[in-house]
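Peer 1: In this note's numbering, the protein residues as written are 707 to 1166.
Beta carbons are placed, not taken as given, at the ideal position from N, Cα and C, and that holds for glycine.
On a predicted model such as this, the values are computed, not experimentally measured, just so you know.
Please read through the structure below; I'll follow up with questions.
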Amino acid sequence: MTDGRYQLAVIGAGSGGREAALAAAHSGLRVVLIERDTLGGTCLHRGFYCLKTLRACAEAQRFNAPVDLRSEVADGTAKLPDWLATQRKISIRLTQAWGNQLGRAGVAVEFGQATLADSGRINVSSTHREPFSIEADYIILATGSRPAYDGLGPDSRIVNSADLLKQRTLPKHLLIVGGGYIGCEFATIFRALGSRVTLVEQHKRLLWDWDEAVGDFVANAMRASGIELVFGAAFDVTRAGAESDGASVMLSDGAQINPGLILIVTGRKPNVEDLGVEKLGISVNPFVAVDEQMRTSCNRIYAVGDVNGLSLLDSAAISQARVAVDSILGKQARFSARWIPRCIHTDPGAASIGWNEDEAGRAGLDVIAHSQTFRLVTDDERTVTNPSETMLKILIQSESRQILGVHAVGHQAAEIVNFVSVAIQSGLNLEELMEVPLVHPSTAEAIHECAKSLGSVLAG
707 MTDGRYQLAV
717 IGAGSGGREA
727 ALAAAHSGLR
737 VVLIERDTLG
747 GTCLHRGFYC
757 LKTLRACAEA
767 QRFNAPVDLR
777 SEVADGTAKL
787 PDWLATQRKI
797 SIRLTQAWGN
807 QLGRAGVAVE
817 FGQATLADSG
827 RINVSSTHRE
837 PFSIEADYII
847 LATGSRPAYD
857 GLGPDSRIVN
867 SADLLKQRTL
877 PKHLLIVGGG
887 YIGCEFATIF
897 RALGSRVTLV
907 EQHKRLLWDW
917 DEAVGDFVAN
927 AMRASGIELV
937 FGAAFDVTRA
947 GAESDGASVM
957 LSDGAQINPG
967 LILIVTGRKP
977 NVEDLGVEKL
987 GISVNPFVAV
997 DEQMRTSCNR
1007 IYAVGDVNGL
1017 SLLDSAAISQ
1027 ARVAVDSILG
1037 KQARFSARWI
1047 PRCIHTDPGA
1057 ASIGWNEDEA
1067 GRAGLDVIAH
1077 SQTFRLVTDD
1087 ERTVTNPSET
1097 MLKILIQSES
1107 RQILGVHAVG
1117 HQAAEIVNFV
1127 SVAIQSGLNL
1137 EELMEVPLVH
1147 PSTAEAIHEC
1157 AKSLGSVLAG
């Protein structure tokens, strides 16, 4: 039977799905949001907020903060379950806030496994009620992604990122296979929590899809914190016998590493298995293929966020959701990943927007690049006694001086890039950016300093 008729049905209640549902509801559409598990998706339960909470716990232990943000550390032993309990408490609070926000916007929320019956009908199965159907004029898929390595469960010594967050004890030695942003984030967090950390990456550097200056700066900071980095090594992960630590990694040079725990973070795959996309002819290889308006090969069905693989970051999912809703409303909208600010939560954090130097070179762009490292005193009182080190790199078009890319690593790197994003959207070139008045002292002043330095270089 059909239990509801809507103008838009959104499948998946992570960052992209929530944004799509809210944007459509605020535009006057009748919207239903279908979630098979819990509101919040990876962002609230296995991603950004989990990582930030664990980092806060590490900082709380370091500075002997109030007990609600730290475990008892009198014996010098970290209590990971206490920290994870804090993380889950915060996730629950945020989930409730999301639910309240959706309710105020008039979005109907249904829980269950959604399967596409056709381009305008969704079958929903649930353990809590009889199966039912939902009809919708348009459908947005926002089912997210999961680790490409399925893992052997949280009790195994070889885990993926989801299982790592279910560990009951802090590993004495954590070996991470994969030097992308997820591997780097977990490396810096577990080092801060007290684990010995080794990271193995097949490429010659970390964060291979970021500007090289960012990867190098993050790598140096990780080494300074005591993280061991191994580059350019092929590896083979094997399960060891019960009498050993449980797992080992054999490197291509013959070296063998036997840590207490191995984390595999070598990519992600889309959550599409139970959606029924194939029978509708929707292209999946391995992610759901979309055009610039987020439309799939089925005109009334869109896909946003991790499920389309264009970018596995929340900022991109949110932007894609807005583009999809605008397209449904008949507006002209296009998504370009290059001009969406992105951020990773390493220590220090990194953020970027636009072209990196290698990409610009391969594209034949005539660019001028300039990088600079600062020790900034900002509006954060902690930087007065301990100025934070920030690396900033600017790329401009050589003739017009238009900003083509900015890459930042350091305290509040994301805020620096957010400021630049506004400047780029406003069409400001380098000289015009330098004329924008800023608060003093503030992190954004790094942009002025770097721009002035670049201006001096250009002046000869």
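What is the DSSP secondary structure of GLU1105, reduced to helix, strand or coil?
Peer 2: coil
Peer 1: What separation, rounded to the nearest whole angstrom, lies between the Cα atoms of LEU1164 and HIS1076?
Peer 2: 10 Å
Peer 1: Spatial neighbours of ALA727 within its chain, please: C-beta separation below 6 Å, excluding the five flanking residues on both sides.
Peer 2: VAL716, VAL737, LEU739, VAL813
Peer 1: Report yes if the C-beta of VAL1073 is less than 8 Å from at least one heavy atom of the ligand HEM; otherwise report no.
Peer 2: Summarising the ligand content, the structure contains no ligands, and the ligand HEM is consequently not present.
Peer 1: Let me know the secondary structure DSSP gives SER797 once reduced to three states.
Peer 2: helix
Peer 1: Using the Cα positions of TYR1008 and ALA1030, report the straight-line distance between them to the nearest angstrom.
Peer 2: 7 Å
Peer 1: Can you give me the C-alpha to C-alpha distance between LYS872 and ASN991, rounded to a whole angstrom?
Peer 2: 30 Å
Peer 1: Just to confirm the assignment, what range does the alpha helix (DSSP H) spanning GLY1161 have?
Peer 2: 1151 to 1165
Peer 1: Just curious, the beta strand (DSSP E) that HIS1076 is in, first and last residue?
Peer 2: 1073 to 1082
Peer 1: My guess is that HIS879 and ARG902 are in contact by the Cβ rule of under 8 Å, so how many angstroms apart are they, rounded?
Peer 2: 4 Å
Peer 1: Work out the CA separation of SER1132 and VAL1142 for me, nearest whole Å.
Peer 2: 12 Å
Peer 1: Excluding the five sequence neighbours on either side, which residues of its own chain have a C-beta within less than 7 Å of the C-beta of GLY973, listed in chain order?
Peer 2: ALA854.
Peer 1: Between the segment 886 to 901 and the segment 1050 to 1063, do three or more beta carbon pairs fall short of 8 Å?
Peer 2: Yes: the two stretches touch, three or more of their Cβ pairs being nearer than 8 Å.
Peer 1: Mind listing, in chain order, the continuous beta strand (DSSP E) runs of no fewer than 3 residues lying wholly within the segment 866 to 943?
Peer 2: 879 to 883, 902 to 907, 934 to 937
Peer 1: Could you tell me if GLY782 is buried or exposed, where buried requires 16 or more neighbouring beta carbons within 10 angstroms of its beta carbon?
Peer 2: In this prediction, GLY782 has a pLDDT of 38, which is less than 50 and means its spatial position is unreliable; what the coordinates show is noted afterwards. GLY782 is exposed by the Cβ-count criterion.
Peer 1: Taking 9 Å as the cut-off, decide whether the C-beta atoms of ASP1012 and ALA1027 are in contact.
Peer 2: no
Peer 1: Hey, LEU981 and ALA730: beta-carbon distance below 9 Å or not?
Peer 2: With respect to the 9 Å criterion, LEU981 and ALA730 are not classified as neighbours on the basis of their beta carbons.
Peer 1: Am I right that SER825 and LEU986 are in contact with their C-beta atoms under 8 Å? What's the rounded C-beta distance?
Peer 2: Yes, SER825 and LEU986 are in contact; Cβ-Cβ is about 6 Å, under 8 Å.
Peer 1: Quick one: is SER958 buried, meaning 16 or more other Cβ sit within 10 Å of its Cβ, or exposed?
Peer 2: exposed
Peer 1: What are the boundary residues of the alpha helix (DSSP H) that VAL1123 is part of?
Peer 2: 1119 to 1131
Peer 1: Near THR833, which residues of its chain fall below 6 Å by C-beta distance, leaving aside the five closest residues on each side in sequence?
Peer 2: none
Peer 1: Is the CB-CB distance between ALA705 and LEU912 below 9 Å?
Peer 2: Here the chain covers residues 707 to 1166 and nothing more, so residue 705 does not appear.
Peer 1: So if DSSP puts VAL1013 in a beta bridge, which residue, or which two residues, is it bridged to?
Peer 2: DSSP lists no partner for VAL1013.
Peer 1: For a quick check, are the C-beta atoms of GLN793 and CYS763 less than 9 Å apart?
Peer 2: yes
Peer 1: I need the DSSP call for GLN807, collapsed to helix, strand or coil.
Peer 2: helix
Peer 1: Which two residues bound the contiguous beta strand (DSSP E) that contains CYS1049?
Peer 2: Segment 1048 to 1050, the beta strand (DSSP E) holding CYS1049.
Peer 1: Determine the direct distance from the alpha carbon of GLU1065 to that of GLU1151, and round the result to whole angstroms.
Peer 2: 27 Å
Peer 1: What is the DSSP secondary structure of GLN681, counted as helix, strand or coil?
Peer 2: Shown here, the chain extends from 707 to 1166; a query on residue 681 therefore has no answer.
Peer 1: Reducing DSSP to helix, strand and coil, say where VAL996 ends up.
Peer 2: coil
Peer 1: In chain order, what residues of the same chain lie with their CB nearer than 7 Å to the CB of PRO787, ignoring the 5 residues before and after it?
Peer 2: ARG874
Peer 1: Could you tell me the distance, in whole angstroms, from the CA atom of LEU1160 to the CA atom of TYR755?
Peer 2: 36 Å
Peer 1: Relative to the C-alpha of SER1104, which residue among GLY1070, ASN1092, SER1042 is closest?
Peer 2: GLY1070
Peer 1: Do ILE846 and TYR712 have their beta-carbon atoms positioned less than 9 Å apart in this structure?
Peer 2: no
Peer 1: For SER867, which residues from the same chain have a beta carbon less than 8 Å from its beta carbon, with the 5 sequence-adjacent residues on both sides left out?
Peer 2: ARG752, PRO853, ILE888, PHE892, LEU969, VAL971
Peer 1: If VAL996 and ASN977 are in contact, beta carbons under 8 Å, what's the gap, nearest whole angstrom?
Peer 2: With 8 Å as the limit, VAL996 and ASN977 do not qualify as a contact, their Cβ atoms being about 15 Å apart.
Peer 1: Can you have a look at VAL1145 and say buried or exposed, based on whether 16 or more other CB atoms are within 10 angstroms of its CB?
Peer 2: exposed
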